[in-house]
Amino acid sequence: MAHYIKPEYITLILNLMNKKYSTDVHLVLFFKSPDNAKSRLALEIGKCASEVAKLLWECTLEDLNDWHGQIWFSPANLGDRLWLDSQVRQPMKVVSQGNGNLGERINHVDKILRSQNVKKIIYIGMDCPGLNPNYLRKAADELQQSDVVLGPSLDGGVVLMGAQHAWPDLCNLPWSTSRLCDELKNTCKKSKRTFKQLHTLYDIDSKRDLLYAQKDLASISRITRQNLFNWIKDNLKDFQDSTSNNTEGFTN
């Protein structure tokens, strides 16, 4: 099934093109189209995963609309780039992720942007509904003082990573494991980079993550978060029935 951005979110993206920047920090969104995203979640809930991805995409657009710096869209592949172009028929900053694991792709994008004299760069994905404008502003503020800023995830990964200078080689880090955030901090220490860790959020990769999100989003009034909350609530029984025997907590 094809997914289309609601008209109000097309407007959000178009508004991004005409903003006056109040920060020198560039924000890079790594993304996939909803039909290609959430492959791990799809193993558990099937085609419903694309509906979750669509709602997460809308959450991300709401966050981008409140960002007062340069934004780069970074599609995972050509198909995702074409999907973005089909949704937003306006100029925007786009940089391809290239190939390899997530570390190699971050290194690839980082090299391209820094070759264009971009200095402070924050990377985010589209699977963390706990992100909000204050969190992003805090990350940007910390990046003025520290070499690196990290937004840890409950599952041991990260929901945000930013740096003032080029990242070292990231290809050998344990991506998609519970050790990632700790290893990123070790990488900073070994390369003598100062770092600031923000408070821990969560991302959505599993049914259990959806159940956690349902509790977290209950009191958040932002429209995109309420849309996601309502979707989870409507499907809650199915998730509970299939996770009642799972005691492993947050895993990738």
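Numbering (our numbering), first residue to last: 95 to 346. For each residue, glycine too, the CB sits at the ideal point set by N, CA and C.
Could you check what DSSP says for E342 in three-state terms: helix, strand or coil?
-> Only weak support is given to the placement of E342: the predicted model assigns it a pLDDT of 34, under 50, and the question is left unresolved by the model.
If you follow the beta strand (DSSP E) that I216 is part of, which residue opens it and which one closes it?
-> 214-218
Comparing alpha-carbon positions, which option in W151, N130, L121 lies nearest D297?
-> A check of alpha carbon separations from D297 across W151, N130, L121 identifies W151 as the nearest.
For V252, I'd like the list of residues in its chain whose CB is within less than 8 Å of its CB, leaving aside the five on either flank, ordered along the chain.
-> Take V252, set aside five residues on each side of it, and the residues of its chain with a beta-carbon closer than 8 Å to its own are L244, G245, P246, L274, C275, L278, in chain order.
Report the rounded CA-to-CA distance for G192 versus L155, giving the unit in angstroms.
-> 23 Å
Spatial distance of L254 from N130 (CA atoms) | For L254 and N130, the distance between alpha carbons rounds to 21 Å.
Is DSSP giving P268 helix, strand or coil here?
-> Under the three-state reduction of DSSP output, P268 falls in the coil class, being neither helix nor strand.
What number of angstroms, rounded off, separates the C-alpha of P53 from the C-alpha of I165?
-> The structure shown does not extend to residue 53, since the chain is modelled only from 95 to 346, so the question has no answer here.
So, using beta-carbon positions, are L311 and R302 closer together than 7 Å?
-> Cβ distance not < 7 Å, so L311 and R302 don't count as in contact.
Determine the direct distance from the alpha carbon of N211 to that of K327, and round the result to whole angstroms.
-> The straight-line gap from Cα to Cα measures roughly 46 Å.
Is the number of C-beta pairs between the stretch 252-271 and the stretch 281-297 that are closer than 8 Å three or more?
-> yes
Reduced DSSP secondary structure (H/G/I, E/B, other) of H120 | strand
If we call anything under 7 Å between Cβ atoms a contact, is A233 one with T117?
-> no
Counting only the same chain and skipping the five closest in sequence on each side, list residues whose C-beta sits under 7 Å from that of K126.
-> A170, D174
Through-space distance from P223 to A257, alpha-carbon basis = 22 Å
Pair within 7 Å by beta-carbon distance, K347 and L178 | Since the displayed the chain opens at 95 and closes at 346, residue 347 lies outside it and no answer follows.
Answer with buried or exposed for D157, where buried requires no fewer than 16 other C-beta atoms within 10 angstroms of its C-beta.
-> Classification of D157: buried, given that the 10 Å Cβ count is 16 or more.
Have a look at L135 and A143 and give me their C-alpha separation to the nearest angstrom.
-> 6 Å
Given a threshold of 16 other Cβ atoms within 10 Å of its Cβ, counted over all protein chains shown, does R183 qualify as buried or as exposed?
-> Under this definition R183 is an exposed residue.
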